[in-house]
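Take a look at the structure below.
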Amino acid sequence: MPSLKHEKLCLPPVAGVDEAGRGPLAGPVVAAAVILPAKGVPRGINDSKKLPPLERQRLHDRLRACAIVGIGIVEAEEIDTLNIYWATMKAMTLAVEALGCAPGHVLVDGNRLPKWGFAATPIIKGDAISLSIAAASIIAKHTRDTIMLAHAEAHPHYGWHANKGYGAPDHLRALREHGPCALHRRSFRPVAEAFLLNESSVPHTSA
Numbered sequence: 001m002p003s004l005k006h007e008k009l010c011l012p013p014v015a016g017v018d019e020a021g022r023g024p025l026a027g028p029v030v031a032a033a034v035i036l037p038a039k040g041v042p043r044g045i046n047d048s049k050k051l052p053p054l055e056r057q058r059l060h061d062r063l064r065a066c067a068i069v070g071i072g073i074v075e076a077e078e079i080d081t082l083n084i085y086w087a088t089m090k091a092m093t094l095a096v097e098a099l100g101c102a103p104g105h106v107l108v109d110g111n112r113l114p115k116w117g118f119a120a121t122p123i124i125k126g127d128a129i130s131l132s133i134a135a136a137s138i139i140a141k142h143t144r145d146t147i148m149l150a151h152a153e154a155h156p157h158y159g160w161h162a163n164k165g166y167g168a169p170d171h172l173r174a175l176r177e178h179g180p181c182a183l184h185r186r187s188f189r190p191v192a193e194a195f196l197l198n199e200s201s202v203p204h205t206s207a
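Here you go:
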């Protein structure tokens, strides 16, 4: 289970940072930064991938009420411009800047750090080790899922209510049948291939 072991070694306040949505074919990449309170940390915080949706929502709501939270969002169009790596780094930077206070140290899930002026430490599999990073993973995941559920209302045929934009079979099938929409990441191969397929199926009239 995640603990505060790493946080106790750092200059406070310590922010944990994690992202959600690097791999999907559609929608934004979302990062969250979380500074946990000195007392009253909600019980049950864990890597968001290990939590059922209702428990994630419960912890998300508790964290928003008791912790300092910043969120950074980079949309699909900018992901295509920057590439997913740099888009993720930007989302993390935006999340820390959105905290409203300068952290003494930042713990980041993964093995890379954004180019920023904050003292920071990358932690591989940090969402399973650091309580602050695990909290950030919950905020990022719930925020992104909520965004994709809203998009699913306008684009029901892609199955985003269930797959959240990932390359599930129903999503790939809908891409082939309907082509991509503006929320798809056209720099990702399955989307690029579907775009070309959709374009080639449009009849061209000769002048």
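Throughout the sequence shown, residue numbering follows full-length UniProt numbering, covering 1 to 207 in sequence. Glycine included, every Cβ here is placed at the ideal spot set by N, Cα and C. These numbers were taken from a predicted model, which means no experiment stands behind them.
*So, using beta-carbon positions, are A136 and V17 closer together than 8 Å?*
yes
*asked:* Measuring alpha carbon to alpha carbon, tell me which residue in D109, G126, A32, N198 is nearest A98.
replied: A32
_A174 beta carbon less than 8 Å from that of H157_ = yes
*Quick one, are the C-beta atoms of A95 and V74 less than 8 Å apart?*
no
*asked:* According to DSSP, E97 sits in a beta bridge with which residue or residues?
replied: None, per the DSSP bridge assignment.
*Assess, as a yes-or-no matter, whether the segment 23 to 42 is touched by the segment 184 to 201 under the definition of 3 or more beta carbon pairs within less than 8 Å.*
yes
*Report the residue from G167, E19, R64 whose alpha carbon sits nearest the alpha carbon of P190.*
G167
_Residue from R58, I138, A154, L149 with nearest C-alpha to residue 229_ = The chain is shown from 1 up to 207; residue 229 falls before or after that span and cannot be answered.
*Let me know the secondary structure DSSP gives I124 once reduced to three states.*
coil
_Spatial neighbours of L51 in its chain, beta-carbon cut-off 6 Å, leaving aside the 5 residues before and after_ = none
*Where do the ends of the alpha helix (DSSP H) carrying H155 lie?*
Careful: H155 lies outside any alpha helix (DSSP H) and carries neither H nor E.
*asked:* Comparing C-alpha positions only, which one of L9, L54, G40, A65 sits nearest to T146?
replied: L54
_DSSP beta-bridge partners of D109_ = I123
*Look at the alpha carbon of E177 and the alpha carbon of N198, and state the distance between them as a whole number of angstroms.*
8 Å
*Kindly indicate which three-state DSSP category S48 falls into: helix, strand or coil?*
helix
*Quick one: does V106 have its CB under 8 Å from some CB of chain D?*
Protein chain content of the structure displayed is limited to a single chain, and chain D is not contained in it.
_CB of A67 within 8 Å of CB of L107, strictly_ = no
*Ends of the alpha helix (DSSP H) at I79?*
76 to 82
*Is the beta carbon of P122 less than 8 Å from the beta carbon of R112?*
yes
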